[in-house]
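Residue numbers (our numbering): 211 to 307.
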C-alpha cells in the first residue's frame, strides 16, 4: 500500500472531477440566487453575480474539458485564488449608506 492520502488512488480522478464540477455548479446557482435577491443595481448583487459567473465557469470546465490531475488541481487553485482576492477586495470596498 502506498503512502497516498486516498485509499483507492486509481479512482481518485473519477471522484475528484465530478465533485469539483458539482461544487462549482452548486455555488453558481446559490450565488446567482443571492445576486437576484439583492438586485443587480446594488454593489453586493453585482459581486454575487460576478462570483456566480466564476463558479459557473469552473463547474462547466470540469464537466466539459478532459482534464488530467495536474490541470484539474491547477484550475481549482486558480479559481480559489481569484475568488479569494475578489471577495477580499469586495469586503474592503466602502459601501454606500
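Backbone N, C-alpha and C define an ideal beta-carbon position, used for all residues, glycine too. If you're wondering where the values come from, they're calculated on a predicted model, not measured in any experiment.
Beta-carbon to beta-carbon, residue 264 and residue 289 are separated by about 6 angstroms, close enough to satisfy the 8 angstroms threshold.
Here DSSP, grouped into helix, strand and coil, assigns residue 220 to coil.
Contact annotation: residue 272 and residue 282 have beta-carbon atoms nearer than 9 angstroms. A straight-line Cα-Cα distance of about 12 angstroms links residue 287 and residue 295. Counting every other CB atom within 10 Å of its CB across the protein chains shown gives residue 229 a total below 16, marking it as exposed. Judged by DSSP secondary structure, residue 302 falls within the alpha helix (DSSP H) whose first and last residues are 279-302.
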